[in-house]
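A.B. asks: Before I ask anything, here is the structure I am working with.
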Amino acid sequence: MFFNTSLTELEQELTKEHSQRYQSLALTVSSDTGAPGNTLAACASLQVNGLVVAGSKDRNMQDQEDSATMVVALHLNAGDKVAVNLPIGCFLCDDNSHYNTFTGFLLYATD
């Protein structure tokens with residue numbers, strides 16, 4: 001099972017076939033301050049049912065561009081809601097290169 005940037009597809013898939021499964025989820029975020037010396041804040045969190053299960057935060061003034069990646073394996077149940085959250089004060093940027101991604105893979109079903 002593969003998902004790319006569509007939380008709706010992931011939510012729909014979790015309600016099919018198996019009620020419990022282990023899922024690999026990955027999130028990559030990228031930020032560009034626009035000019036050296038500005039505060040850089042590339043951060044995001046991964047939530048399941050409104051609770052943060054993983055997060056990344058890179059805030060500094062040392063460089064102009066940064067990115068962060070997080071990968072987790074989670075035990076999910078049918079109906080679980082997975083979301084990517086952009087915390088207050090964090091900024092993402094992108095172009096046609098698609099630097100910001102969210103993907104998920106079914107590792108195996110447990111029922």
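All residue numbers for the sequence shown refer to UniProt numbering, where the first residue is 1 and numbers rise by one.
Virtual Cβ for every residue (Gly too), placed ideally from N, Cα, C.
Keep in mind the model is a prediction, meaning the values are calculated, not measured.
Which residues in the same chain as L92 place their Cβ atom closer than 6 Å to its Cβ, once the five residues preceding and following it in sequence are excluded?
C.D. replies: So the qualifying residues of the chain are V29, S31, N100.
A.B. asks: Report the start-end ranges of each alpha helix (DSSP H) in the UniProt domain "C1q" (41-107) that is 4 residues or longer and not cut off at the edges.
C.D. replies: Counting only runs of 4 or more, we get nothing.
A.B. asks: Need the endpoints of the beta strand (DSSP E) that T28 sits in, please.
C.D. replies: Note, T28: beta strand (DSSP E), 20-32.
A.B. asks: By DSSP, does A109 sit in helix, in strand, or in coil?
C.D. replies: In the structure shown, A109 sits in a strand (DSSP, three-state: E or B).
A.B. asks: Expressed to the nearest angstrom, what Euclidean distance is found between the alpha-carbon atoms of V84 and V52?
C.D. replies: Their Cα atoms are separated by approximately 9 Å.
A.B. asks: Measuring alpha carbon to alpha carbon, tell me which of Q62, P87, G50, S56 ends up nearest M70.
C.D. replies: Ranking Q62, P87, G50, S56 by Cα distance to M70 puts S56 first.
A.B. asks: Determine the direct distance from the alpha carbon of A42 to that of V72, and round the result to whole angstroms.
C.D. replies: Distance between the alpha carbons of V72 and A42 is about 19 Å.
A.B. asks: Please name the residue in H75, P36, G89, N38 whose C-alpha comes closest to that of S45.
C.D. replies: Looking at the Cα atoms, G89 is the closest of the given residues.
A.B. asks: Answer yes or no: does any C-beta atom of chain C fall closer than 8 Å to that of L74?
C.D. replies: Given the protein chain composition of this structure (a single chain), no chain C is represented.
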